[in-house]
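There are 2 protein chains.
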Amino acid sequence: MADNKIRNMEEFARVSGISRPTVSKYFNDPESVRASTRATIESALELHDYRPNIYAMNQNRKLTKNLGVVVPLLTDPYFAEIARNLEQRCIAAGYRPTLFSSHGDPALEVEVLETLRSLKPAGVLLAPLGRASDQRALERFCEDVPTLIFDSSVDEIGLSFVGSDNYQFTSHITDYLCRTGEAPCFFEMKTPANPNAHRRRQSYLNAMKLYGHTPHVISVEGEGWGFEEIGRLGGHDALKEDRFSTNTILCSNDRLAIGLLTACYERGIKVGRGEDCTIRVAGQDGHPHSRYTCPPLTTISHDYDAVSQTAADSLFSAIEGDVSPWKSTRLEGKLILRDSA
Amino acid sequence: MADNKIRNMEEFARVSGISRPTVSKYFNDPESVRASTRATIESALELHDYRPNIYAMNQNRKLTKNLGVVVPLLTDPYFAEIARNLEQRCIAAGYRPTLFSSHGDPALEVEVLETLRSLKPAGVLLAPLGRASDQRALERFCEDVPTLIFDSSVDEIGLSFVGSDNYQFTSHITDYLCRTGEAPCFFEMKTPANPNAHRRRQSYLNAMKLYGHTPHVISVEGEGWGFEEIGRLGGHDALKEDRFSTNTILCSNDRLAIGLLTACYERGIKVGRGEDCTIRVAGQDGHPHSRYTCPPLTTISHDYDAVSQTAADSLFSAIEGDVSPWKSTRLEGKLILRDSA
DNA sequence: CTTAATTCTTTACGCGCGTAAATTTTATGT
DNA sequence: ACATAAAATTTACGCGCGTAAAGAATTAAG
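From first to last, the protein sequence lines stand for chains A and B.
All residue numbers for the first sequence refer to the working numbering, where the first residue is 135 and numbers rise by one.
All residue numbers for the second sequence refer to the working numbering, where the first residue is 135 and numbers rise by one.
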């Protein structure tokens, strides 16, 4: 590490005894040079620790090693967790991921895409805002940049879609709730940000019909991404007006359920499976926090690893030349039984 | 937006009728050109929507407009929230922030700094991992890049430090707890990741002495960043062995408190201020989730906005030439009274 | 040892822009 | 109107690297 101030690749090539174009080739892909050359360069690298100027590098390269990872809201632990997972997969595969959050704002989402465009990324892993997204802007972006859509699907844009099977989620947990107690009613936002919410409601309706029960949907008001508060306030209203038709409530997602649990607590209603409990509450998502609610939340969890891996691998293979047609992959969730239902 | 494929600044300068060096000057700082010229350029910009190549831009510029924002763990909603806040301030100030997370891993933290170095950022807002950080690596980085340290202080490195006043946090909430019930015992991790934890324990000890009470600290085992689980398991143990000396527990941080609340629930212990409650639990941090625990968590909250603003503004003024000496700013927290204590 | 296939070296150009210096144009004050 | 300051233009060079082409060196195969 006696780095004698190597200023550029020219100098580094000189001290390593290898020509600059070959060194350039090495940095582009170490496997592309002979093993003995690689060893020479790498031993020189240990002595001088030089790093190529990324700006000069990316200026002329047809394809950078940059990847974009875009999530709608990084302060949501679900997206934070999946972003972390994706980021590490990208690094492991030799790419340079950059993390972006739309912060729940459609205008910001468009800006993020513009920024991303100027980064000339090799590819992008994009979880759109959903309903609020500027569809046209997304489409145009996907035409220019290899983009894999995940989490929430918006038409057939991009290379492919990878997400969870929301129909399976809801039908599976509805089935569980029906088998273990009263059939559930469904607690959701009236105008959800995410299109998955519609699939979940539909799946609830289908499942209830299938099992011969009368479905009942409670849709609560509320805009934005403060789901817990929407669930809490909506929960208070619904409880006050006695709008829950059964003692079992299936929430459209965990964050809503967390808010509802708080509302129940605040009204002195005991939630759970015990003898002394009034109602059962279940969520959907396997939110990182769901383990620590009181009572711990019964939910159906995304397979974070599988979604991340499928998404990342699809993008990588597309970048590396695989030209398979658009495809939607929806992975099943796993029921997580806890005390709330 | 009839963008007739502007390929570079040369072409854009031609169509806008302004010379390229002036256009370059404009993109570097729009205020640096005459208002009439600015108007000319901006109207051309609307017609052709050209964006300078950021790689070519940053290659020769002495100082880029890039900023780094580094947090120890982006999946922690506290850091996610503060990162979001900082990011938006950077954008508003005309910089290009890039978000990094060390994911709780010291080796990754060093890697992030290396990556950051090659981005030649104008400055960095860095929240170190803390105890686990590679001190030497941090120091060397701070020597090369204008870095403002926030959240957790590590020696007097970087431009300055901005964070919360942990002494005030703990003494304030200890005072509150003493005045409203039994004096608290202190629930913490034996080997905390964050140096703030030591300040909090010390402040607890001081405050208890001041008020003439006997302090009692319960330190629980557990490594890593899964604070909720550490709090839950440690809580179970402590409850089982009856190690809490009073009916009031002040937790070193909210995530630990959240885990403890879950443990209490699981043991059928009622937490809160009500007649029927056995113990009181309080946290520290004002974690985004603390509003939705059951019962809602009494805590003392970081002033997110003030911390972010002070940190961002300090960095900006340092970048713009202010050479004030190293300084530590510690902002007071606000008590948030809820039902748990 | 010859031959062919790889791999490396040399040479050279260009990417898109920052930036400096000298010159010309435009704005400002009297 | 003039002198002066401020801003824009012209010209030119260089940043650090990607990349292409042609020739030399190395390796692998027969």
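We put the CB at the ideal spot given by N, CA and C, even for glycine.
Just to confirm my understanding: we take phenylalanine 320 of chain B, look at its own chain, exclude 5 residues before and 5 after, and list those with CB closer than 6 Å. What are they?
A distance below 6 Å between beta-carbons, with the five flanking residues on each side excluded, links phenylalanine 320 of chain B to the following residues of its chain, in chain order: Tyr338, Val351 and Leu384.
Along the region 378-399 of chain A, where does the CB come closer than 7 Å to a CB of chain B? Name the residues.
Within the region 378-399 of chain A, the residues whose Cβ lies closer than 7 Å to some Cβ of chain B are Ile392, Gly393, Leu395, Thr396 and Tyr399, listed in chain order.
Looking at chain B, which residues of the region 217-236 of chain A have a Cβ within less than 9 Å of any of its Cβ atoms?
Residues Ala217, Arg218, Glu221, Gln222, Ile225, Arg230, Thr232, Leu233, Phe234 and Ser235.
Quick one, are the C-beta atoms of isoleucine 470 of chain A and glycine 420 of chain A less than 8 Å apart?
The answer is yes: Cβ separation under 8 Å.
Any residues in the region 415-436 of chain A with a beta carbon nearer than 8 Å to a beta carbon of chain B? Which ones, in chain order?
Per Cβ criterion, the list reads Pro422, His423, Arg425, Tyr426, Thr427, Cys428, Pro429 and Pro430.
Can you give the beta carbon distance from valine 415 of chain B to alanine 317 of chain B, rounded, assuming they're within the 8 Å contact cut?
Actually they do not touch by this definition, with Cβ atoms about 14 Å apart.
Ignore the nearest five residues each way along the sequence and tell me which others in leucine 233 of chain A's own chain have a CB closer than 7 Å to its CB.
Same-chain partners within the cutoff: Val203, Ala217 and Glu221.
Alpha carbon to alpha carbon, how far is threonine 412 of chain B from tyrosine 426 of chain B?
One C-alpha to the other measures close to 20 Å.
Cutting at 8 Å between CB atoms, please list the residues of its own chain near glutamate 144 of chain A, excluding the five before and the five after it.
Here the set comprises Arg154.
Determine the extent of the beta strand (DSSP E) in which threonine 281 of chain B is found, giving its start and end residues.
Threonine 281 of chain B -> beta strand (DSSP E) spans 281-284.
Between the region 244-255 of chain B and chain A, which residues of the former have CB atoms less than 9 Å from a CB of the latter, in chain order?
For the region 244-255 of chain B, which is checked against every Cβ of chain A, the residues closer than 9 Å are Glu245, Glu248, Thr249, Arg251, Ser252, Leu253 and Lys254.
So phenylalanine 213 of chain A packs on proline 186 of chain A, CB below 8 Å; how close in whole Å?
Between phenylalanine 213 of chain A and proline 186 of chain A the beta-carbon gap is near 32 Å, outside 8 Å, which marks them as no contact.
For valine 246 of chain A, tell me which candidate among A:Ala226, A:Ala271, A:Phe303 and A:Phe361 has the shortest Cα-Cα distance.
The option with the nearest alpha carbon to valine 246 of chain A is A:Ala271.
Can you check which of these residues, B:Ser386, B:Asn387 and B:Gly365, is closest to tyrosine 399 of chain B by C-alpha distance?
Scanning B:Ser386, B:Asn387 and B:Gly365 for the CA closest to the CA of tyrosine 399 of chain B turns up B:Gly365.
DSSP three-state call for phenylalanine 320 of chain B: helix, strand or coil?
The answer is strand: DSSP assigns phenylalanine 320 of chain B an E or B state.
Helix, strand or coil for isoleucine 140 of chain B per DSSP?
Reduced to three states, the DSSP call for isoleucine 140 of chain B is coil.
Between arginine 334 of chain A and the rest of its own chain, which residues show a CB-CB distance below 6 Å, the 5 nearest in sequence each way excluded?
Hits under 6 Å: Asn300, Thr304 and Ser386.
Thinking C-beta only, is proline 430 of chain A closer than 8 Å to threonine 396 of chain B?
Using a Cβ distance threshold of 8 Å, threonine 396 of chain B and proline 430 of chain A count as a contacting pair.
Helix, strand or coil at alanine 227 of chain A [DSSP, three-state]:
Coil, per DSSP.
Exposed or buried, which one is glycine 228 of chain A when buried takes at least 16 other CB atoms within 10 Å?
Residue environment: glycine 228 of chain A is assigned as exposed (fewer than 16 neighbouring CB atoms within 10 Å of its CB, all protein chains considered).
Cβ neighbour criterion (16 or more within 10 Å) applied to arginine 401 of chain B:
That one is exposed.
Count the other CB atoms within 10 Å of the CB of aspartate 456 of chain B; is the residue buried (16 or more) or exposed (fewer)?
It counts as exposed.
C-alpha distance - serine 98 of chain A paired with leucine 197 of chain A, whole-angstrom precision
Within the shown structure, residues of chain A are numbered from 135 to 475, placing residue 98 of chain A beyond reach of any answer.
Taking only the alpha-carbon atoms, compute the straight-line gap between valine 354 of chain A and lysine 324 of chain A and give it to the nearest angstrom.
Rounded to the nearest whole angstrom, the C-alpha separation of valine 354 of chain A and lysine 324 of chain A is 5 Å.
Arginine 185 of chain A: contacting residues in chain B (beta-carbon distance under 7 Å):
Those within 7 Å of arginine 185 of chain A in chain B are Ser252.
Would you decide whether serine 267 of chain A is buried or exposed? Buried here means 16 or more other CB atoms lie within 10 Å of its CB.
Taking every protein chain shown into account, the CB of serine 267 of chain A has 16 or more other CB atoms within 10 angstroms, so this residue is buried.
Residues of chain A with CB closer than 8 Å to the CB of proline 211 of chain B, please, in chain order.
Here the neighbours are Thr209, Pro211 and Ala214.
When burial is assigned at 16 or more other CB atoms within 10 Å of the CB, is leucine 344 of chain A buried or exposed?
Classification for leucine 344 of chain A: exposed.
Output the distance between the C-alpha atoms of proline 313 of chain A and glutamate 466 of chain A, rounded to the nearest integer angstrom.
For the sequence presented, residue 313 of chain A should be read as arginine rather than proline. Going by the C-alpha atoms only, they are around 20 Å apart.
What in chain A is Cβ-close to alanine 190 of chain B, meaning under 7 Å?
Residues of chain A passing the Cβ test: Gln193.
If we define contact as Cβ-Cβ less than 8 Å, is glutamate 362 of chain A a contact residue for chain B?
Yes - at least one Cβ of chain B is within 8 Å of the one on glutamate 362 of chain A.
Measuring straight from C-alpha to C-alpha, what distance separates asparagine 330 of chain B and isoleucine 175 of chain A?
Approximately 44 Å, taken between the alpha carbons.
What beta strand (DSSP E) runs, 3 residues minimum, are completely inside the region 182-255 of chain B?
Taking only runs of at least 3 residues, the beta strand (DSSP E) segments lying wholly in the region 182-255 of chain B are 200-205 and 230-235.
Tell me the residue span of the alpha helix (DSSP H) that contains phenylalanine 450 of chain A.
Looking at the DSSP string, the run of the alpha helix (DSSP H) that includes phenylalanine 450 of chain A is 438-453.
Take proline 326 of chain A as the anchor and find which of A:Gly315, A:Asp309 and A:Arg265 has the nearest alpha-carbon.
Of the candidates A:Gly315, A:Asp309 and A:Arg265, the one whose C-alpha sits nearest the C-alpha of proline 326 of chain A is A:Arg265.
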